[in-house]
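In our numbering, the protein residues as written are 18 to 349.
The structure is reproduced here in structure tokens:
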């Protein structure tokens, strides 16, 4: 397909943030406490101390430090102790301490998001929050309904002395402080989104991710869409202005019911651009369209609760009921 040059529109300061931005007084914001595990670890000088620390934090041991890759926990403790003496990781710790300080802003933002979560799902737990500096271990974040661990060294930002070198620039851009809480809520959404795992169509994948973004936005209504879906504000503006072109590509190539994994990956996977549509169309564009379908459905069906919408597993029915046509603003 011939590439199409996108027409830019002026980026909005807060995309998707409107009247809903006043935090309701009736929401009960939980007190968020954050346990700084890195402060404990960097005080240790003995392998036995590190080993005890690892045994007291089994999720951290497995998910952040890759304990499965070592013959024994004792060997991992020795490796970690040696790593603590490296100026590289000492720099990461110092810079993460400076950037995150007391994490008051993270506590406030996360507290509000969890308050929204409790308003929709009263039985939801308030997870324990921990942080760590691992020198870019095997994970940057772990999220469950009971425990959240944040690898602060990943999120120091563009001014960090060291950054994870396995990530290309377009992915590194999302590893900054403002993306932390949206990423947490996006991962937490997996506990609340239903899908038909026997449906292998691209449409089902699109709506699955669309539900995850819709959940996150519902918990963080004042957060710009760009921080939730990991696009720049300009990319959001461009694809919104040109969504009729994007949608036309999906229809012309009959992509909604595509089941071929390679084809689906072109429109759903991590890529700097979706070249099949345009040289400047960002990757994961199918997930964005899925979110647009969810937005259209929610707008047309205010009687349907968030819980009911996220629980709808019939992708084709949800799509048909959305009446989504891929129209750009002002084009009818």
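In this text, a Cβ means the ideal position worked out from N, Cα and C, and glycines have one as well. Predicted model, so just to flag it, every value in this text is computed and none were measured.
Quick one: using the 10 Å Cβ neighbour count with 16 as the cut-off for buried, is residue i buried or exposed?
i	result
residue 230	buried
residue 334	exposed
residue 321	exposed
residue 129	buried
residue 289	exposed
residue 267	buried
residue 340	exposed
residue 119	exposed
residue 332	buried
residue 38	exposed
residue 175	exposed
residue 111	exposed
residue 85	exposed
residue 259	buried
residue 74	buried
residue 44	exposed
residue 121	exposed
residue 145	exposed
residue 337	exposed
Taking C-beta to C-beta, are residue i and residue j nearer than 7 Å?
i	j	result
residue 272	residue 219	yes
residue 355	residue 90	Since the first and last residues shown for the chain are 18 and 349, residue 355 lies out of range.
residue 162	residue 208	yes
residue 199	residue 257	no
residue 197	residue 152	no
residue 180	residue 247	no
residue 210	residue 228	yes
residue 300	residue 309	no
residue 55	residue 149	yes
residue 294	residue 245	no
residue 307	residue 224	yes
residue 261	residue 343	yes
residue 160	residue 201	yes
residue 226	residue 315	no
residue 330	residue 170	no
residue 173	residue 116	yes
Grab the span of the beta strand (DSSP E) containing residue i for me, first residue to last.
i	result
residue 147	145-149
residue 201	Per DSSP, residue 201 belongs to no beta strand (DSSP E); it is in the alpha helix (DSSP H), 197-205.
residue 115	It is not in any beta strand (DSSP E) - residue 115 instead sits in the alpha helix (DSSP H) that spans 104-117.
From the DSSP output, read off the bridge partner residues of residue i.
i	result
residue 76	Per DSSP, none; premise fails for residue 76.
residue 158	167
residue 53	148
Go to residue i, then tell me how far its alpha helix (DSSP H) extends in each direction, as first and last residue.
i	result
residue 342	Premise fails: residue 342 is in no alpha helix (DSSP H) and is neither H nor E.
residue 331	Counting along the chain, residue 331 falls outside any alpha helix (DSSP H), and DSSP gives it neither H nor E.
residue 40	Unbroken run through residue 40: none, as it is neither H nor E.
residue 252	250-258
residue 232	219-236
residue 96	90-101
residue 243	242-246
residue 188	186-189
residue 175	Neither: residue 175 is in no alpha helix (DSSP H) and is coded neither H nor E.
residue 307	302-317
residue 129	121-137
residue 285	278-285
Say whether the segment 277-287 touches the segment 70-88, bearing in mind that this needs 3 or more beta-carbon pairs closer than 8 Å, one atom from each stretch.
Cβ pair count under 8 Å is below three, so no.
Is the segment 161-170 close to the segment 85-103, with three or more CB pairs under 8 Å?
No, the segment 161-170 is not in contact with the segment 85-103.
Could you tell me whether the segment 121-138 touches the segment 47-56, using the rule of 3 or more Cβ pairs below 8 Å?
They touch, by the three-pair rule.
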